[in-house]
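Engineer: So for the sequence shown, the numbering used here puts the first residue at 1; every next one is plus one.
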Amino acid sequence: MGARREDYLAAAPYHSFIHVDDFASSKELAECLLLLIRDRTLYSEYFHWKGTGEFVSTYFWCRLCAMLHAPPPSRGGRTRDVSQWWTEGACTAAKKPPALQLFTRAN
Numbered sequence: 001m002g003a004r005r006e007d008y009l010a011a012a013p014y015h016s017f018i019h020v021d022d023f024a025s026s027k028e029l030a031e032c033l034l035l036l037i038r039d040r041t042l043y044s045e046y047f048h049w050k051g052t053g054e055f056v057s058t059y060f061w062c063r064l065c066a067m068l069h070a071p072p073p074s075r076g077g078r079t080r081d082v083s084q085w086w087t088e089g090a091c092t093a094a095k096k097p098p099a100l101q102l103f104t105r106a107n
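#1: On a Cα-Cα basis, can you pick out the residue from Lys50, Ser26, Ala24, Met1 that is closest to serine 16?
#2: Judging by CA-CA distance, which residue of Ala66, Trp61, Met1, His69 is the nearest neighbour of serine 25?
#3: So, at 6 Å on beta carbons, what are the nonlocal neighbours of valine 23 in its own chain, with the 5 sequence-adjacent residues on each side left out?
#4: Once you ignore the five residues that flank leucine 35 on each side, which residues in its own chain have a CB closer than 7 Å to its CB?
#5: Under 7 Å Cβ to Cβ from tyrosine 8, same chain only, skipping five residues before and after it: list those, please.
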């Protein structure tokens with residue numbers, strides 16, 4: 001149900017989420033959630049990560065930097081290769097997000 005536990009572990013702070021796969025049954029999951037409702041201290045442990053760091057998406061900042069330093073786009077032209085348009089002149093052209101590879105024009 002939902003994203004895989006590994007996906008959450010890769011993106012979310014430690015001990016900041018409850019995953020359905022951590023429980024043998026829906027009853028066990030429900031008991032855990034009810035326990036958290038009753039025990040405010042236990043519940044608050046899921047928020048200890050707040051204020052301990054900062055998440056920065058490098059693709060966003062590099063892309064923004066590239067767009068700010070790029071010449072104005074021409075009017076009326078169209079881009080045949082979205083991947084080239086997105087990464088050309090960007091700081092991190094070496095590594096594209098996997099989803100962007102779907103838009104690469106086949107030669």
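C-beta: ideal position from N, C-alpha, C; glycine also.
Structural biologist: The short version:
#1: Looking up residue 16 in the sequence shown gives position 16. That would be Lys50, whose Cα lies nearest to the Cα of serine 16.
#2: Taking the sequence shown and counting its residues from 1, the one referred to as residue 25 is at position 25. Nearest C-alpha to serine 25: Met1.
#3: Counting from one through the sequence shown, the residue named residue 23 turns up at place 23. Note that residue 23 corresponds to phenylalanine in the displayed sequence, not to valine. Apart from the 5 residues on each side of it in sequence, phenylalanine 23 sits with its Cβ closer than 6 Å to the Cβ of Leu29 in its chain, given in chain order.
#4: The sequence position of residue 35 within the sequence shown is 35, counting from 1. The residues are Leu42.
#5: Your numbering for residue 8 matches position 8 in the sequence shown. Taken in chain order, the residues that qualify are Phe17, His19.
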